[in-house]
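Okay, structure first, notes after.
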Amino acid sequence: MVRYVQLAHNRRVGGTTQAEVLHNFGREDRLDTAGLRRLVASINRYLGEDGADVSAPAGGGLEVTASLPIGAVWLLEGLWRQLEIDRALVKILGERRFRTDVERVLFALVANRAIAPASKLSAAEWASRDASIPGLAAMDEDQAYRAMDLLVEADAQAEVQEAVFFAVANLLNLEVDLLFFDTTNTYFERDEPDAGETPFRAYGKSKDHRDDLPQITIGLAVTKEGVPVRCWGWPGGTRDQAILPQVKDDMRDWKLGRVITVVDRGFSSADNLSYLTRAGGHYIAGMRMRDGNDLAEAALARQGRYQDVRDNLRVKEVRLDQAPGRRFVICHNPAQAERDRRHREEALTRIEAELERIKAQRDRDAKRLTSAKARERAEAAHVRAECALIEHPTLKRWLRTSKNGRLAIDRAKVKAEERLDGRYLLTSSDPHLSAEEIAVGYKALLEAERGFRDLKTVLELRPVFHRLEHRIRAHVLLCWLALLLIRVAERSTGSTWNRIGNELGRVHEVTLTGEAGRITQTTPLTAEQTSIYRDCGIKPPPRITTADPV
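No gaps in the numbering here: position 294 of the sequence shown is 288 in our numbering, and each next residue is one more.
Right, here's the structure in full:
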């Protein structure tokens, strides 16, 4: 009969006591009992139970030789495997035989993006020296780039994103009846766009207000829970109106069933909305109200009573004969209406004061200045002041030039804006949704915008330390995977990733080494740290990870 020796710790679970195995020492007949005695003696000396000085361990005493943060990495590793991202990557990447496990390197890059965003060179150093990555002892920059190349090669037709999303959707039971889509830009600190007829980094209208720098356009689809579904990348300057048909076709290939696509005003052209209804699809879209759209004007002109659906939200549905099959919902936010009115009045007060100042100064100069040159200089100063008003980013919208060439407040514009205070217009093709569901569904589009904010701030999408198109696309994919993991963590705990990461960053893996051997253990968990792991369904890191007697 063969017996095995284990180091176990009894834990009370509910009303029973269960043994948790901390370390397996192997077969009893092969056990190094002398080594165990030395290890026990070293631990006793470290604890000071034999009268030794614990502040200065001597002889076989244990001392700390390494300490690496493990808490946040352990959570991401657990979610990575829980959501079967590792299996999806292995399945898509195929049998890749290299010195380093590609899947492990990709996880390290994703974890770095979520915990300590940096360049790939710094990420390799972080994974090798500053973090404990399960299954990965070390990596270098070349291995990081090789893994990125394989990732973007395997995802040429979004196979990686599709496999990952369906694994996540099945495990989390995600509802994908509503998909929210929006775009953003990320710019590059360089003077010139890429060379060639179709440059990837190119100039365009930047949503970050950096039209002076080359950029790319990024698209993101998310569920109503905020879980990212898929990302896209297009050359900088690609118009939103030209993007939506490709998004519709790409998502149709995934065969998600009945999907309602929710988009912002930038995608609400007639052609785009018509395209979204192909193959039984439907949409909820915002509509522009200030560009002279006939349908918007007709919808806003219709009379009717608003229905209160929740705090600070009233809705009114109207039907238009010139648009059969389309529904129009006018939403009104009383609190926003008050803010719009107050901001407009503050702007008009500033304009009136500045126009009055310019007029008074012009009148004074006309009376006191006698030389032509002095009057010419004074008039030039008045014109500069008027130009400053015309070019002001928020005040210029309320100004017009009168027949005598002087600036004046555009009262017609003010009156037109008054009736739009706190209002926005939605349209939908779905006949089954209520007006409230259309309004609430559109408001959830903020989840896509929140995703972009986290990509740019928490995950530090920019700066992008790459110049080749496929490396840039791989970088965006890594950020997408990191966003997926932190969203699942936030959804499970009800807390922000910043708070989760900060709290788990205090959990360390400490290695103690001495003449008797080496032992590696994690710092004790606080109640909050334990709660985070429990809420995410992840088993906490073991108290003792290795125990190696000499």
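C-beta atoms are modelled at their ideal positions from N, C-alpha and C, and glycine is treated no differently.
Cβ neighbours of isoleucine 352 within its own chain (closer than 7 Å, five residues either side excluded): His376, Ala379 and Glu380.
Looking at the DSSP output, phenylalanine 174 sits in a beta bridge with Val216 and Val256. Taken atom to atom, the span from the alpha-carbon of proline 535 to that of glycine 65 is near 8 Å. C-alpha of isoleucine 494 to C-alpha of valine 162: approximately 21 Å in a straight line. Cβ contact annotation for lysine 450 (same chain, cutoff 7 Å, sequence separation greater than five): Arg456, in chain order. Residue state for valine 221 is assigned as coil, using DSSP reduced to three classes. CA-CA distance, aspartate 404 to glycine 286, rounds to 17 Å. The shortest C-alpha to C-alpha distance from glutamate 71 to any of Val482, Val504, Glu522 and Arg512 is the one to Val482.
Ranking His469, Gly488, Thr514 and Arg537 by CA distance to the CA of alanine 112 puts His469 first. The three-state secondary structure of threonine 388, taken from DSSP, is coil. Short of 8 Å from the beta carbon of aspartate 258, and not among the five residues preceding or following it, lie these beta carbons of its own chain, in chain order: Asp176, Ala279, Gly280 and Leu439. The beta carbon of proline 328 lies closer than 8 Å to those of Asn306, Arg308 and Gly416 in the same chain, with the five residues before and after it left out.
The beta carbon of arginine 98 sits closer than 6 Å to those of Gly129 and Leu130, all from its chain and outside the five residues before and after it, given in chain order.
Around histidine 326, the same chain offers Tyr300, Arg308, Gly416 and Arg417 as residues with beta carbons nearer than 7 Å, after the five sequence neighbours per side are excluded.
When the alpha-carbon of arginine 313 is set against those of Leu419, Arg21 and Pro187, the nearest one is in Leu419.
With contacts defined as CB atoms closer than 8 Å, aspartate 202 and asparagine 179 qualify as a contacting pair.
Going by C-alpha positions, isoleucine 345 is about 35 Å away from valine 323. In this structure, glutamate 169 places its C-beta atom within 8 Å of the C-beta atom of lysine 218.
For alanine 60, the enclosing beta strand (DSSP E) stretches over residues 57 to 63. Within the same chain, Leu56, Glu57 and Thr59 come within 7 Å of threonine 507 by CB-CB distance, once the 5 residues on both sides are set aside. Look at valine 303 here: in three-state DSSP terms it is strand.
For tryptophan 392, same chain residues with a beta-carbon under 7 Å away, outside a window of 5 residues either side, are Ala341, Leu342, Ile345, Ile403, Asp404, Lys407 and Val408 in chain order. In summary, valine 501 is buried, with 16 or more beta-carbon neighbours lying within 10 Å of its beta-carbon over all protein chains present. Taking a contact to require three or more Cβ pairs closer than 8 Å, the segment 250 to 270 and the segment 226 to 238 qualify as touching. In chain order, Val158 place their CB closer than 6 Å to the CB of isoleucine 79, counting only its own chain and leaving out the 5 sequence neighbours on each side. The three-state reading of DSSP puts tryptophan 68 in helix, counting H, G and I together.
Nearest Cα to tryptophan 228 within the set Arg140, Ile210 and Gly29: Ile210.
Sequence-distant Cβ neighbours of aspartate 542 in its own chain, meaning closer than 8 Å and more than five residues away, are Gly511, Arg512 and Ile513. Secondary structure note for histidine 464: its alpha helix (DSSP H) is the uninterrupted segment 463 to 487. Ranked by Cα distance from arginine 413, the first of Asp334, Gln355, Leu427 and Ala368 is Asp334.
For methionine 245, the uninterrupted alpha helix (DSSP H) segment begins and ends at 238 to 246. Apart from sequence neighbours up to five positions away, the residues of its chain that approach proline 208 with a beta-carbon distance below 8 Å are Tyr181, Phe182, Arg184, Glu186, Pro187, Asp188, Pro193, Arg195, Ala196, Tyr197 and Gly230, ordered along the chain.
Rounded to whole angstroms, the separation of the alpha carbons of glycine 499 and asparagine 492 is 10 Å.
By the 16-neighbour rule on beta-carbons within 10 angstroms, tyrosine -2 is exposed. Between isoleucine 532 and glutamine 76, the CB-CB gap stays under 8 Å.
Note on asparagine 496: under 16 other CB atoms within 10 angstroms of its CB, so exposed under the neighbour-count rule.
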